[in-house]
Each structure stands twice: as structure tokens, then as C-alpha cells.
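First comes the structure, then the notes that go with it.
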Amino acid sequence: MQGMFHQATAFDQDLSPWCVALVSSESFGFGNEGADPIWGTSDGNCPTACSTGADGNECQNGGTATGSIPFGSEVTSDSVADNCSCTCADNTSGVNCETKTACTVNADGNACASDGVVSGFIVDGDCACDCTIYYKGDTCTDLVTCEETMASLCENGAPVTGVNLIDA
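Mapping to my numbering: the sequence shown position 152 is 134, numbers consecutive.
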């Protein structure tokens, strides 16, 4: 702002409504002959920073509220909707960052085998493979034995017999 009105011959406007919250003092050569703002204060003349998303709800999943309601505007649901939004963290989207990107591979970056299904969300760091009853392991490649699948069905200590149909 230094020298902003230097050598202006007839500037004497009222600048008291200016938002100068971040300007601690009048700069050299400012030279206004009218009413100056109160330096270093907002004096109620600055925009209102948004603290929520576009619909007045909180930003989710690490999202950050952005935007501001212009000076002189009342803070209403309409002014929030028109001026506020959320900046979403990686792997999230939506008006308030409410949508998480689903995993497409397990935590190690590998696809699921043997009809296993990927579960979890990238932003939560819980990507995994949900295996069918016949497979186990990080990628559903290890066969489950008959003893592992059938032991709970045998009563009175009877042993599991037979072969896993997948093995046959």
C-alpha cells in the first residue's frame, strides 16, 4: 500500500470501511486526506471466513472449509451455499468430502484371487481382500483345509475326514 495515493491531488474519500486486518499501520506515502481505516483491525469490515461446506455441514474425511461471505452480507444458509465449499483431501470427493474412494487392490497393491473381493477405502488405509470360504491370505491364494472349514461342525471330538472339493 506504500505510495498508493502519493501525488494524488484530490483524493479525500472515506476509507474507514476498508478491511485492513493484516495491515498494522499506515504505509509511508499513503497520503489519504479523508477518513482512514483503523489499521490492524477488521472493524467489522472484513469478509467472514467459511467454517463449513456449501450446505452448512462440516467438511468430512480431512476436508477443509474454504471461501468467505462478503462484507455486508448476512451469514445465512443461502450465503453459505453461494460462497463456501470444501477442499477435499486426496481420495475423497463430494460437496462436503463425504465420498471416500474405494480400494481396487489390497494394502500391498495386489489384486484379489480366487473370487476374493477388495474391501475398504484408500483414505482409511484399510484395503484388503475378503476371501470366499475356501481361500485365505492377503490375496486369497491359500487354500483353507477341511480341518479349518469343517472342525466346528464335528461333534463330540470326531475327526474331520475327506478332502476339500477345491483340492480334488
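Cβ coordinates follow ideal geometry from the N, Cα and C atoms, glycine included.
Any idea if Val99 is buried or exposed, counting beta-carbon neighbours within 10 angstroms, 16 or more meaning buried?
With fewer than 16 other Cβ atoms within 10 Å, it is exposed.
For Val105, which option in Thr114, Asn65, Ser75, Asn39 has the closest C-alpha, if you only look at C-alpha atoms?
The shortest Cα separation from Val105 among Thr114, Asn65, Ser75, Asn39 belongs to Ser75.
Express the C-alpha separation of Thr123 and Asn138 in angstroms, rounding to a whole number.
Roughly 32 Å separates the two Cα atoms.
Taking all protein chains shown into account, decide if Ala47 is buried (16 or more other Cβ within 10 angstroms of its Cβ) or exposed.
By the 10 Å Cβ count, Ala47 comes out buried.
Between the beta-carbon of Cys70 and the beta-carbon of Gly107, is there less than 9 Å?
Result no, Cβ atoms of Cys70 and Gly107 do not sit closer than 9 Å.
Using the C-alpha atoms, what's the distance from Glu80 back to Cys68?
Each residue's alpha carbon lies about 10 Å from the other.
If Glu120 and Asp72 are in contact, beta carbons under 8 Å, what's the gap, nearest whole angstrom?
The residue you asked about is not Glu; residue 120 is Asp in the sequence shown. That pair is no contact at about 24 Å.
Would you check if the distance between the CB atom of Ser96 and the CB atom of Cys113 is smaller than 9 Å?
The answer is yes: Cβ separation under 9 Å.
Entirely within the segment 95 to 134 and at least 3 residues each: give me those beta strand (DSSP E) ranges in chain order.
List check, beta strand (DSSP E) in window: 99 to 101, 110 to 112.
Spatial neighbours of Cys82 within its chain, please: C-beta separation below 8 Å, excluding the five flanking residues on both sides.
The sequence shown places Lys at residue 82, not Cys. Same-chain partners within the cutoff: Asn43, Asn73, Thr74, Phe103, Ile104, Val105, Asp106.
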